[in-house]
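Structure first, then comments.
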Amino acid sequence: MQLEIELALRLFINQKTAFVISPVSIILGIHPFFQNANLETRLRIAEFFLLEGATDEDMSEYFIDLLSVIKATRLRYNMHSHGRHFCEPNPNVYWRFGLHGLDEKVVNDFLSTKLKFIEFEPEDKIINSITYSQLFDEIFHTFSQSKRDFYITKNSPQMKGFIQFTDAQHNFSENDTFQMVEIKMRVHVSLQIFLPKTRFGLEDALNNLGDGEQLYNLINTAQEKYVNIRLPRFAVNTETDLGSFVKSVEFDKELYGIVSKNYSEKTPNFVHKAQFELTFVNNEKLEDIDDKNYDGLVDYPYYIIDQFILARNSSF
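Using the UniProt record's numbering, the first residue of the sequence shown is number 1, and each one after it goes up by one.
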């Protein structure tokens with residue numbers, strides 16, 4: 001976990017606002033280059049991954065271990081909704097119902113070190129999502145239907161609805177800079193939210209953060225406590241050019257050509273897009289009106305979200 005956090009922070013330097021990042025998706029996108037690179041380039045990739053001194057075998061084992069975790073924690077099954085059966089790959093269905101963008105074949109290829117091709121969507125995206133929609137009844141016991149001011153910036157209040165999770169125990173930790181709360185989504189999947197203690201203080205907190213050890217320690221030392229959580233309905237969308245990685249590793253034209261020929265048949269690029277969405281859905285057209293029907297998307301269980309601290313009466 002600490003390695004992935006540090007990688008995320010390196011890619012999101014000078015970040016000033018709330019953001020979402022999926023190191024898993026980034027690493028999976030890098031793997032085709034690692035698979036086709038010469039030894040010198042592989043070692044540069046290892047150095048960028050903060051694994052200085054790692055051997056070629058160490059890096060191969062890292063990728064295999066990463067996919068082993070995904071396979072162990074995310075069951076793959078067909079989804080049913082409102083009498084309709086979804087089984088064909090469709091990015092809208094993945095987004096809406098949380099099917100995993102990695103199929104069984106890709107996982108098995110990783111585990112056997114014979115990765116052929118990560119199945120990109122037509123837009124060349126890796127989709128790595130976990131749905132909220134069928135979990136809220138178990139996770140959020142009390143729904144707050146009231147609205148209140150929510151400050152996107154210091155001078156930009158917006159009226160938004162809030163949902164509320166009260167009278168329950170969560171893993172919680174804090175230090176001088178951050179508070180962290182963990183919401184269990186499944187047995188092996190958690191949503192971890194980091195909040196700077198200073199209002200609108202995310203930029204300063206990140207600038208003084210250094211590596212990912214501080215955030216990792218908050219996760220690793222958390223203890224169960226009763227915590228009241230209030231979440232506004234909102235969306236955070238992040239798009240990041242990973243050019244710093246390409247420049248650091250110095251991918252050459254020959255390597256791009258090999259990957260383009262063997263994988264995507266066109267010049268790959270490094271743009272990471274991620275989102276966190278928590279909103280109200282009214283399925284009136286589907287004859288399913290339920291005031292407690294919320295939808296959301298988790299791209300990866302690691303977030304630093306500045307705005308949550310703006311629920312003024314309670315930090316959580």
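Glycine residues also receive a C-beta, built at the ideal position from the N, C-alpha and C atoms.
For E57, the number of other beta carbons within 10 angstroms of its own is below 16, and it is reported as exposed.
Nearest in C-alpha terms to I5, of all of P232, Q179, I219, is I219.
Beta-bridge annotation (DSSP): H170 is paired with K225.
At a Cβ-Cβ threshold of 7 Å, A46 and A37 do not count as neighbours. Counted as a single uninterrupted DSSP element, the alpha helix (DSSP H) harbouring F48 occupies residues 39–48.
In the three-state DSSP reduction, D149 falls in the strand class (E or B). Our two residues, F48 and L202, have alpha carbons roughly 25 Å apart in a direct line. Between the alpha carbons of E250 and F33 lies a distance of about 11 Å. Residue state for R233 is assigned as coil, using DSSP reduced to three classes. When rounded, the separation of the alpha-carbon atoms in Q223 and Y256 is 47 Å. For H31, the CB contacts under 6 Å within the same chain, skipping 5 residues up- and downstream, are F63 in chain order. The continuous alpha helix (DSSP H) containing E213 extends over residues 213–220. Judged by DSSP secondary structure, G161 falls within the beta strand (DSSP E) whose first and last residues are 157–165. Nearest to K197 by C-alpha distance, out of D176, N207, N217, Q214, is D176.
Rounded to whole angstroms, F194 and V181 show a C-alpha spacing of 7 Å.
Taken through DSSP and simplified to helix, strand or coil, E239 comes out as strand. Of the candidates Q35, S248, S156, Q35 places its Cα closest to the Cα of S60. Counting only residues of its own chain and dropping the five nearest sequence neighbours on each side, F178 has a CB closer than 8 Å to the CB of F194, L195, P196, K197, A205, Q214, L215, L218.
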